[in-house]
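Worksheet for the structure shown next.
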Amino acid sequence: MIFRLNPNSGMPIYLQIMEQVKHAVENGVLRPGDQLPGIRKLAETMVMNPNTVAKAYRELEHEGLVELRQGAGAFISENLNTKVVTDRMQTARPIVEKTVERLLALGLSEEEIKRLIDAAVAARMPK
Amino acid sequence: MKTIHAIETSALTKRYPKVEALRGMTLNVPQGSLSGLIGLNGAGKTTTLRILLGMARPTSGTATVLGLDALDPEKNRIIRSRTAYIPERKELFPYMTAGDVIRFTAGFYSTWNKDLEATYVKRFEIPLDRKVTKLSKGTLTKLHMLLAIARGASLLILDEPTDGLDAVASEEALQALTTLVAEQGTTVLICSHRIEEVEQIADHLCLVHKGVCFKQGYLDDMRSATRRIQFGLDAAPDQLAQFGQLGILKQSGLAISILTDQNTDKVIDLARNLGGFDIEAHPVPLREMFVELVRSQDALA
Amino acid sequence: MLWLKSWTEVRFRFALTIFLGVYILAILLGYLPPQMAVKLKTLSSQDLGKRIWEIFVLAYGGAMLPVSAKILAGAGINAQTSMGMSHGFHGSMSFLLSMPVSRTRLMATRASFGAALMLLLALATFAATVTLAPSFHVDFSSINVWAYFPNMLVVGYFFYAMAVWLSTIFDEFWAGTIGLLILGMLGGYSSTTPHNWLDFATYLLSPDPLQPLGQTLFLLMASAVQIEAARWVVEHKEY
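Residue numbers (the working numbering), protein chains in the order written: chain A, 27 to 153; chain B, 68 to 368; chain C, 1178 to 1416.
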């Protein structure tokens, strides 16, 4: 699992971490039972605040995607919740693909489509 | 659950004959946090740090560090025995070698960690036998970082700790700090002009301007609450005034941009209701946030 | 470690004061006696010795030792350079003051270290003068030489205390300049022999140790007051 974090974008780092873990899971880069980098190790490698990494892992655990095992570290959940996330993404993918096709049919360029989607997402980002 | 603060100041004022350096500086640094103290030159950052460390006395107000009254000379000495300071001026004692200065500092702290000392002498490549007056700016700054980290302190107060460090050396210094926080739970207060670096490692911020802390809180909260919302609208003056109440407004023809803190939903709803088009909301990098907030503070004055 | 810091700051200055001591000895024992012997042929060797001793007491005790005191003195707060001419407070001060040590202790360490070196210097110079005199055919046999030592020390420490409190207020350059100015003024005043407590010339030439007692007590008190003033300044000044 390799993280690409941008601390200067204005987007909270813990959200970036969570997002990239979810992305890795649904693409199969991370599988149920795989271990995530340790909080201290990740903070040290990425030169980021360890509290931020800890927060990301806690939120992922809260959502059922990750299990924090005392003394051992953080692991991708073996149970249903993982499947729920992956299923969710699998349901979402055709919705997005259909929308993109419709926008392309209207004559929008790739850049314009991306901008519309980014703006719509940003306007609704969680507080 | 009430947060424990490593540093708490309340309404600090500091009046010099010709200038009022602090005008009611109230700030709180949570224990275990890595806090950034950001402000322009002359905003009162260094004056505040000097008061916390007993080098200056405020005209009025109170300051508590690690639970002790910072304004009491004897208590302040105890505070200093648990604190590591990197000053803005990096010069060290003439005639001493780097090794001498390390031994000098270690002699004052029973919590000195010899393992950390050895690790960082090697990692920062400190030439122990060279006189400190002959060290390059970067090496001198790294020596200060070593002295701060190896001290075993509960609190680090760092004034421009990456001054003179190139990109690679800065990264090493910041890494040393995040490792220290992760392993020891140390509280760190960084005062720096390198906003991007602060944004990278801080989890808490105090923004200061003209002797006052005008905004402080957790960085993630600020990131979540602050947005720049852009849209197109042929707006009448009273409509612009409405937007002006919700944030910092910029307008050029039909293009309108609002930097808002906490009012994202209200702005978007208002824009929609008034017929705005092409509404976009973007997260705001810290530098942009800070510069805009400072400018609006000046405009209010 | 504060002792080590004091030593690194004062060692070159100490060397300078030793050089000044050697210089004055060279003049006093090597250059002056032959000159004076020629001019004052009629004097006995003992009387000539008395004249030379008088010059030594005034030149060393009244000028050289006080100047050495100013060179050796320090308040431990501002880092000192070997030339002693730097303007403003040294950049290392913030770092030093962030150490968990009281300012009084910083001052006391440096001030007592310099004072100890000054005692060593005075003893060595005095002893050297007295011991080497016969080799240069200078006759001090009719003088109770060590009786003059205490008064020389009292005067020396008066100016040492002055240098300490001046360096708590001013930077190196101004502390040194003002100190030397005051020394010069008091020296000039003393040379008019007004016979009061500020008359250092008469005091140094007194053949009885620590006499006049009143003046001794006055000078010791003045030294103590200046040291206490220095301590007060370092505790209250904002650096």
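Just so it is clear, CB atoms sit at the ideal spot from N, CA and C, and this is done for glycine as well.
Since the model is a prediction, treat every value here as computed from it, not as a measurement.
Stretch-stretch touch, CB-based, cutoff 8 Å, three pairs: the stretch 135-147 of chain A with the stretch 93-106 of chain B: Taking a cut-off of 8 Å on C-beta distances, the stretch 135-147 of chain A does not touch the stretch 93-106 of chain B, as fewer than three cross pairs fall below it.
Check the C-beta distance from C:Y1334 over to C:S1383 and give it rounded, since I have them as a contact under 8 Å. Counting from one through the third sequence, the residue named residue 1334 of chain C turns up at place 157. Counting from one through the third sequence, the residue named residue 1383 of chain C turns up at place 206. The pair is not a contact, with the Cβ atoms about 17 Å apart (cut-off 8 Å).
Excluding the 5 residues flanking A:V92 on each side, which residues of the same chain have their C-beta closer than 8 Å to its C-beta? For the purposes of this step, residue 92 of chain A is identified with residue 66 of the first sequence, where counting begins at 1. The beta carbon of A:V92 sits closer than 8 Å to those of V47, L62, Y83, L86, A100, F101, I102, S103, all from its chain and outside the five residues before and after it, given in chain order.
Buried or exposed: C:T1402, going by 16 or more other Cβ atoms within 10 Å of its Cβ? As a first step, residue 1402 of chain C is located in the third sequence; it is residue number 225 there, counting from the start. Just to set this straight, residue 1402 of chain C is Val in the shown sequence, not Thr. With a 10 Å radius around the Cβ and a threshold of 16 neighbouring Cβ atoms, C:V1402 comes out exposed.
Assign C:S1245 to one of two classes, buried (16 or more other C-beta atoms within 10 Å of its C-beta) or exposed (fewer than that). Position 68 of the third sequence, counted from the start, is the residue given in the question as residue 1245 of chain C. It counts as buried.
Can you grab the Cα-Cα spacing for the pair A:K153 / B:T129, in whole Å? Residue mapping note: residue 153 of chain A aligns to position 127 of the first sequence, counting from 1. Residue mapping note: residue 129 of chain B aligns to position 62 of the second sequence, counting from 1. Reliability of the predicted coordinates at A:K153 is poor, the pLDDT of 46 falling under 50, and the value obtained from them is presented with this limitation in mind. Using only the alpha carbons, I get a separation of about 34 Å.
Verify the CB distance criterion: does A:Y40 have a CB-CB separation below 8 Å to chain B? Taking the first sequence and counting its residues from 1, the one referred to as residue 40 of chain A is at position 14. At least one C-beta of chain B is nearer than 8 Å to the C-beta of A:Y40.
Cα-Cα separation between C:Y1422 and C:P1389, rounded to whole angstroms: Missing from the structure shown is residue 1422 of chain C; chain C here goes from 1178 to 1416 and no further.
Are the CB atoms of B:L241 and B:I268 within a distance shorter than 8 Å? Residue mapping note: residue 268 of chain B aligns to position 201 of the second sequence, counting from 1. Residue mapping note: residue 241 of chain B aligns to position 174 of the second sequence, counting from 1. The criterion of a C-beta distance shorter than 8 Å is satisfied by B:I268 and B:L241.
Over the uninterrupted alpha helix (DSSP H) stretch that includes A:P76, give me the two end residues. Looking up residue 76 of chain A in the first sequence gives position 50. Per DSSP, A:P76 belongs to the alpha helix (DSSP H) from 76-88.
Going along the stretch 92-125 of chain B in order, which residues come within less than 9 Å of chain A, judged by CB to CB distance? Listed by position along the chain: G99, S100, L101.
Return the chain-ordered ranges of every beta strand (DSSP E) run that is complete within the stretch 235-299 of chain B and spans a minimum of 3 residues. Counting whole runs of 3 or more residues, the stretch 235-299 of chain B contains the beta strand (DSSP E) stretches 254-258, 271-276, 279-285, 293-299.
Just the C-alpha distance for B:R354 and C:R1188, rounded to the nearest angstrom, thanks. Counted from its first residue, the second sequence places residue 354 of chain B at position 287. Counted from its first residue, the third sequence places residue 1188 of chain C at position 11. Computed Cα separation, rounded: 50 Å.
Got a sec: which bits of the stretch 69-83 of chain A sit with their beta carbon under 8 Å from any beta carbon on chain B, in order along the chain? Answer set for the stretch 69-83 of chain A: A69, E70, V73, M74, N75, P76, N77, T78, K81.
Between the beta-carbon of C:S1279 and the beta-carbon of B:P154, is there less than 8 Å? Residue numbering aside, residue 1279 of chain C sits at position 102 when the third sequence is read from its first letter. Residue numbering aside, residue 154 of chain B sits at position 87 when the second sequence is read from its first letter. Against a cut-off of 8 Å, the Cβ pair of B:P154 and C:S1279 comes out as no contact.
At a CB-CB cut-off below 9 Å, which residues of chain B make contact with A:P63? What you label residue 63 of chain A is simply residue 37 of the first sequence in a count that begins at 1. Within 9 Å of the CB of A:P63, no CB atom of chain B is found; the nearest one sits about 13 Å away.
Ordered list of beta strand (DSSP E) runs contained in the stretch 149-176 of chain B, each at least 3 residues: Counting only runs of 3 or more residues that sit fully inside the stretch 149-176 of chain B, the beta strand (DSSP E) segments are 150-153, in chain order.
Cβ of B:G134 within 8 Å of any chain C Cβ: Residue numbering aside, residue 134 of chain B sits at position 67 when the second sequence is read from its first letter. Output row for B:G134: interface = no.
Compare the Cα-Cα distances from C:M1213 to each of C:G1226, C:A1203, C:I1201 and report the closest residue. For the purposes of this step, residue 1213 of chain C is identified with residue 36 of the third sequence, where counting begins at 1. With respect to the C-alpha of C:M1213, the residue from C:G1226, C:A1203, C:I1201 having the closest C-alpha is C:G1226.
contact_flag[the stretch 1207-1221 of chain C, the stretch 1298-1308 of chain C] where n(CB pairs < 8 Å) is 3 or more: No, because fewer than three Cβ pairs between the stretch 1207-1221 of chain C and the stretch 1298-1308 of chain C fall closer than 8 Å, the two stretches do not touch.
Which of the three DSSP states is assigned to A:F29 in this structure? By one-based count along the first sequence, residue 29 of chain A stands at place 3. In the displayed model, A:F29 falls within coil according to three-state DSSP, outside both helix and strand.
Distance, Cα to Cα, C:V1322 vs B:K198? Translated into the one-based positions of the third sequence, residue 1322 of chain C becomes position 145. Translated into the one-based positions of the second sequence, residue 198 of chain B becomes position 131. If you take the alpha carbons of C:V1322 and B:K198, they lie about 45 Å apart.
Secondary structure of B:L79, DSSP reduced to three states: Looking up residue 79 of chain B in the second sequence gives position 12. In the structure shown, B:L79 sits in a strand (DSSP, three-state: E or B).
Taking only beta-carbon positions, decide if C:L1274 is within less than 8 Å of chain B. Along the third sequence, one-based indexing puts residue 1274 of chain C at 97. By this cut-off, C:L1274 is an interface position.
On the three-state DSSP scale, how would you describe B:F344? Looking up residue 344 of chain B in the second sequence gives position 277. The DSSP-derived three-state label of B:F344 is strand.
From which residue to which residue does the beta strand (DSSP E) around C:T1286 run? Against the third sequence, residue 1286 of chain C aligns to sequence position 109. Counting along the chain, C:T1286 falls outside any beta strand (DSSP E), though it belongs to the alpha helix (DSSP H) covering 1280-1309.
Of the residues B:T178, B:E250, B:E266, the one placed nearest B:I257, counting alpha carbons only: Against the second sequence, residue 257 of chain B aligns to sequence position 190. Per the C-alpha coordinates, the member of B:T178, B:E250, B:E266 positioned closest to B:I257 is B:E266.
Expressed to the nearest angstrom, what Euclidean distance is found between the alpha-carbon atoms of A:K140 and A:N32? The residue labelled residue 140 of chain A in the question sits at position 114 within the first sequence. The residue labelled residue 32 of chain A in the question sits at position 6 within the first sequence. About 19 Å.
Opening and closing residue of the beta strand (DSSP E) in which A:R95 lies: Along the first sequence, one-based indexing puts residue 95 of chain A at 69. 92-95 is the extent of the beta strand (DSSP E) around A:R95.
Within 7 Å of chain A by C-beta, residues of the stretch 297-322 of chain B in sequence order: If the cut-off is 7 Å between Cβ atoms, the stretch 297-322 of chain B has nothing near chain A.
In whole angstroms, what separates the C-alpha of B:F171 from that of C:M1178? Along the second sequence, read from residue 1 onward, the residue named residue 171 of chain B stands at position 104. Along the third sequence, read from residue 1 onward, the residue named residue 1178 of chain C stands at position 1. Answer to the nearest angstrom: the Cα atoms are 5 Å apart.
Please confirm if A:A98 has its CB atom under 8 Å from at least one CB of chain B. As a first step, residue 98 of chain A is located in the first sequence; it is residue number 72 there, counting from the start. With its beta carbon at least 8 Å from every one in chain B, A:A98 lies outside the interface.
Taking the alpha helix (DSSP H) that A:A146 belongs to, which residues open and close that run? Position 120 of the first sequence holds residue 146 of chain A. Where A:A146 is concerned, the enclosing alpha helix (DSSP H) stretches over 136-149.
What are the residues that DSSP puts in a beta bridge with B:N95? If you number the second sequence from 1, residue 95 of chain B lands on position 28. Partner(s): B:E75.
Cβ contact (3+ pairs, closer than 8 Å) linking the stretch 318-326 of chain B and the stretch 271-290 of chain B: Contact between the stretch 318-326 of chain B and the stretch 271-290 of chain B is absent, with fewer than three C-beta pairs closer than 8 Å.
Counting only Cβ pairs nearer than 7 Å, list the residues of chain B close to A:S35. For this step, residue 35 of chain A is matched to residue 9 along the first sequence. What A:S35 touches in chain B: P350, P352.
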